[in-house]
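J.:
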Ligand SMILES: Nc1ncnc2c1ncn2[C@@H]1O[C@H](COP(=O)(O)OP(=O)(O)OP(=O)(O)O)[C@@H](O)[C@H]1O
Ligand SMILES: [Mg+2]
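Residue numbers (our numbering), protein chains in the order written: chain A, 14 to 330; chain B, -17 to 235.
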């Protein structure tokens, strides 16, 4: 069974705005899942729904097999949350903040664990400083320390690298890697594709309250190894001639351009043969161009597709 | 029950109190002394006794009640409003705790602070007037119940409030007048008959009357009624708090 199971989750805020539109997602134990999506996609809402900060309108969520509503204690005890905003009690000291979180989650005091957490996040020297005296990056570390203070099995990092310098980012990824080695399941949200690429096992794309795709990073990378050859024709065509069926060509709406996708790492790309076959099929080529697929393209393409679909839905309604 | 969570919240709230201990200690001492100077000396020279008790001693229970009620409300409302305001409430909402535990933590701490201040005032008063406490256990019981119920009310206000003005609105516009008009500084019997009947609609009258009875054995209303009033008020607040958490009103989006 998946560590986190999200089934048909919808969330409409009080003003009627639907921030989650039937989300289904399984997150496996021990994996790192990166949730990628633009501003307002619903990333924070989804995390809030899992952690109990926001109520879901319908659907079910379970963490570690515990329903997050009916069996909230068992579910929440497994969860650590590092929120997007730097929300901390300004006059608390760093070490008190971590101890507080630990106690709140029902754990007995354990100074050696607290020390360990503070040391790994290089906060130990700052342990007696008040939060107001810390820089933004250090506050981010304190938030992480608070979440790790209660030994979570599932860790949510909501945009952990926002406003963070290179060094802290590297530290953070080291911490994440160490947690993963301990078997902790990690879900992080980000706007940056490179970040998802660098650290995740799987990447989920969310936009306008819908999960558009969840895929292994390696599969995604394979897709990124692909190139597209765009062939512009002198005369538009209605359909791809039967003789070219083997190439899985895509046709643009205006019928002027054909797209051929090929793997750059394959022995034969098939381009030369395609060119010859185009000629035999009686098509005249005006221009060609190639482009490399990036995660960015895949992402942008999917978002555009979603808008198309929704546009069609509205048009037919 | 997640006792560790309760203890963490309680401890955290008390820490703020200890950080400002001098302030928490000095201000009630000074204001009590001022009350004695103004009310005790100025008015007390005209009214020397109320039903056999010196005026200076007579106002002590009302004075304690006045401070305890406002302190309990202010502490509890601020205690829960602040995390809401700065966003740290996310941690409470995502922790394995239920409403009862959160309430015990916050309300318990606010009530403790109010109780402490109440006792400080009592001790300060002893420097100015002779105080005898006829029913010490009843006195403590009334005091503790008042601290708790008004801390509960404060907690509700803190959750309801959308800004700092609203946070101060209820204590200022409702509680302070009710307490001043609730017989803190006079016996109800000193009022004209019409105002005596009006006063009986003021719930605070019952609390102060019961509390004063514990000191001097005299009361404006029967002690049983006072007890009923305070228990009823506590129950009402508890139901309200339970409803707030059940519906997530103003806390869970
Ligand atoms: N309390 C709220 N009431 C009404 N609408 C809300 C509320 N919170 C969020 N929303 C709306 O829900 C949508 C999703 O917001 P959410 O914060 O989940 O996005 P996000 O993916 O985390 O974005 P970002 O990358 O900017 O953090 C947005 O359109 C936002 O305006
Ligand atoms: Mg967000």
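Backbone N, C-alpha and C fix where the C-beta goes; we use that ideal spot for every residue, glycine too. In this text the structure is predicted, and so the values were computed from the model without any measurement.
1) Return no unless some Cβ of chain A is closer than 8 Å to the Cβ of residue -14 of chain B.
2) Classify residue 105 of chain A as buried or exposed, calling it buried when 16 or more other Cβ atoms lie within 10 Å of its own Cβ.
3) Between the stretch 37 to 52 of chain A and the stretch 201 to 213 of chain A, do three or more beta carbon pairs fall short of 8 Å?
4) According to DSSP, is residue 221 of chain A part of a helix, a strand, or is it coil?
5) Under the three-state reduction of DSSP, which class applies to residue 109 of chain A: helix, strand or coil?
6) Have a look at the DSSP bridge pairing and note the partners of residue 18 of chain A.
7) What separation, rounded to the nearest whole angstrom, lies between the Cα atoms of residue 312 of chain A and residue 220 of chain A?
8) Between residue 190 of chain B and residue 49 of chain B, what straight-line distance do the alpha-carbon atoms span, to the nearest angstrom?
9) State the start and end residues of the unbroken beta strand (DSSP E) segment that holds residue 202 of chain A.
10) Let me see if you follow: with CB-CB separation under 8 Å, is residue 94 of chain B close to chain A or not?
11) Check each residue's C-beta against every heavy atom of ligand 2 and list, in chain order, those closer than 7 Å.
12) Tell me whether the stretch 188 to 201 of chain A and the stretch 33 to 45 of chain A touch, counting them as touching only if at least three CB pairs, one residue from each stretch, are closer than 8 Å.
13) Exposed or buried, residue 83 of chain A, counting other C-beta atoms within 10 Å across all chains shown (16 or more means buried)?
14) Closest to residue 264 of chain A by C-alpha separation, out of A/32, A/256 and A/246, would be which residue?
15) So with Cβ pairs under 8 Å, would you call residue 26 of chain A a contact of chain B?
16) Does the Cβ-Cβ distance between residue 94 of chain A and residue -10 of chain B come in under 8 Å?
17) Nearest to residue 96 of chain B by CA position, among B/139, B/81, B/20 and B/126, is which residue?
18) Who does residue 64 of chain B pair with in a DSSP beta bridge?
19) Just to confirm, are residue 136 of chain B and residue 57 of chain B a CB contact at a threshold of 8 Å?
20) Mind the definition here: the stretch 137 to 150 of chain A touches the stretch 113 to 121 of chain A only if three or more C-beta pairs lie below 8 Å; say whether that holds.
21) Which residues does DSSP list as the beta-bridge partners of residue 125 of chain B?
22) For residue 16 of chain B, count the other beta carbons within 10 Å of its own beta carbon; 16 or more makes it buried, fewer makes it exposed. Which is it?
23) Using CA atoms only, rank isn't needed, just tell me which of B/8, B/146 and B/207 is closest to residue 99 of chain B.
24) Counting only Cβ pairs nearer than 7 Å, list the residues of chain B close to residue 90 of chain A.
25) Going along chain B, which residues have a C-beta under 9 Å from residue 121 of chain A?
26) Would you identify the three-state DSSP class for residue 70 of chain B, choosing helix, strand or coil?
27) Could you please tell me which residues of the stretch 52 to 77 of chain B, in chain order, have their CB closer than 9 Å to any CB of chain A?
28) Any C-beta of chain B sitting closer than 8 Å to the C-beta of residue 335 of chain A?
29) Establish whether the CB of residue 125 of chain A and some CB of chain B are separated by less than 8 Å.
30) For ligand 1, is there any heavy atom lying closer than 7 Å to the beta carbon of residue 52 of chain A?
31) Distance cutoff 8 Å, beta carbons only. Does residue 31 of chain A sit that close to anything in chain B?
32) In terms of alpha-carbon separation, which member of A/258, A/262 and A/267 lies closest to residue 249 of chain A?
33) Among A/276, A/101, A/241 and A/65, which has the Cα closest to the Cα of residue 80 of chain B?
34) What I want to know is whether the C-beta of residue 30 of chain A ends up closer than 7 Å to one or more non-hydrogen atoms of ligand 1.
35) For residue 168 of chain B, list the residues DSSP reports as bridge partners.
36) Please list, in chain order, the residues of the stretch 59 to 70 of chain A that have any C-beta partner in chain B closer than 7 Å.
T.: On the basis of the supplied data:
1) As a working note, residue -14 of chain B is residue 4 in the second chain. So, interface residue.
2) Here residue 105 of chain A refers to the residue found at position 92 of the first chain. Under the 10 Å beta carbon count, residue 105 of chain A is surrounded by 16 or more other beta carbons and is classified as buried.
3) Enough Cβ pairs lie closer than 8 Å, so yes.
4) Position 208 of the first chain holds residue 221 of chain A. Residue 221 of chain A: coil per DSSP, three-state reduction.
5) Position 96 of the first chain, counted from the start, is the residue given in the question as residue 109 of chain A. Helix at residue 109 of chain A.
6) Residue mapping note: residue 18 of chain A aligns to position 5 of the first chain, counting from 1. Here residue 18 of chain A is bridged, per DSSP, to A/39 and A/75.
7) Residue mapping note: residue 312 of chain A aligns to position 299 of the first chain, counting from 1. Residue mapping note: residue 220 of chain A aligns to position 207 of the first chain, counting from 1. So the two alpha carbons sit approximately 10 Å from each other.
8) Stepping through the second chain from its first residue, residue 190 of chain B is reached at position 208. Stepping through the second chain from its first residue, residue 49 of chain B is reached at position 67. Taking the straight line joining both Cα atoms gives about 12 Å.
9) The residue you call residue 202 of chain A lines up with position 189 of the first chain. Per DSSP, the continuous beta strand (DSSP E) segment holding residue 202 of chain A begins and ends at 198 to 203.
10) Position 112 of the second chain, counting from 1, holds the residue named residue 94 of chain B. Look at residue 94 of chain B: its C-beta is not under 8 Å from any C-beta on chain A.
11) The answer, residue by residue, is A/56, A/57, A/97, A/171, A/172 and A/202.
12) With a cut-off of 8 Å, the stretch 33 to 45 of chain A and the stretch 188 to 201 of chain A count as touching, because enough Cβ pairs lie within range.
13) Mapped onto the first chain, residue 83 of chain A falls at position 70. Around the beta carbon of residue 83 of chain A, fewer than 16 other beta carbons lie within 10 angstroms, which makes this residue exposed.
14) As a working mapping, residue 264 of chain A is identified with position 251 in the first chain. Of the candidates A/32, A/256 and A/246, the one whose C-alpha sits nearest the C-alpha of residue 264 of chain A is A/246.
15) Here residue 26 of chain A refers to the residue found at position 13 of the first chain. Chain B contact via Cβ: present.
16) If you number the first chain from 1, residue 94 of chain A lands on position 81. If you number the second chain from 1, residue -10 of chain B lands on position 8. For residue 94 of chain A and residue -10 of chain B, no; Cβs fall outside 8 Å.
17) Locating residue 96 of chain B in the second chain gives position 114, counting from the first residue. Nearest C-alpha to residue 96 of chain B: B/126.
18) On the second chain, residue 64 of chain B is found 82 positions in, with the first residue counted as 1. The beta-bridge partner set that DSSP reports for residue 64 of chain B is empty.
19) Position 154 of the second chain, counted from the first residue, corresponds to residue 136 of chain B. Position 75 of the second chain, counted from the first residue, corresponds to residue 57 of chain B. It is a contact, given that the beta carbons lie within the stated cut-off.
20) Contact between the stretch 137 to 150 of chain A and the stretch 113 to 121 of chain A is absent, because fewer than three Cβ pairs lie under 8 Å.
21) Position 143 of the second chain, counted from the first residue, corresponds to residue 125 of chain B. According to the DSSP secondary-structure assignment, residue 125 of chain B is paired through a beta bridge with no residue.
22) As a working mapping, residue 16 of chain B is identified with position 34 in the second chain. With fewer than 16 other Cβ atoms within 10 Å, it is exposed.
23) The sequence position of residue 99 of chain B within the second chain is 117, counting from 1. Comparing Cα positions, the closest option is B/8.
24) Position 77 of the first chain holds residue 90 of chain A. What residue 90 of chain A touches in chain B: 78.
25) Within the first chain, numbered from 1, the residue matching residue 121 of chain A stands at position 108. Those are -14, listed as they occur along chain B.
26) The sequence position of residue 70 of chain B within the second chain is 88, counting from 1. Three-state DSSP puts residue 70 of chain B in coil, outside helix and strand.
27) Here the close residues are 64, 65, 68, 69, 70, 71, 72, 73, 74, 75, 76 and 77.
28) Nothing can be reported for residue 335 of chain A: it is not among the residues displayed for chain A, which extend from 14 to 330.
29) Taking the first chain and counting its residues from 1, the one referred to as residue 125 of chain A is at position 112. No - not a single Cβ of chain B is within 8 Å of the one on residue 125 of chain A.
30) Numbered from 1 along the first chain, position 39 holds the residue referred to as residue 52 of chain A. At least one heavy atom of ligand 1 is nearer than 7 Å to the Cβ of residue 52 of chain A, so yes.
31) Counting from 1 along the first chain, the entry for residue 31 of chain A is found at position 18. By this cut-off, residue 31 of chain A is not an interface position.
32) The count along the first chain starts at 1 and reaches residue 249 of chain A at position 236. Among A/258, A/262 and A/267, the Cα nearest to that of residue 249 of chain A belongs to A/267.
33) For the purposes of this step, residue 80 of chain B is taken as the residue at position 98 of the second chain. Cα-wise, what sits closest to residue 80 of chain B is A/65.
34) Working through the first chain from its first residue, we reach residue 30 of chain A at position 17. Correct: residue 30 of chain A has its Cβ closer than 7 Å to ligand 1.
35) The residue you call residue 168 of chain B lines up with position 186 of the second chain. Partner residues in a beta bridge of residue 168 of chain B, as assigned by DSSP, do not exist.
36) Among the residues of the stretch 59 to 70 of chain A, those with a Cβ less than 7 Å away from any Cβ of chain B are 64, 65, 66, 67 and 68, in the order of the chain.
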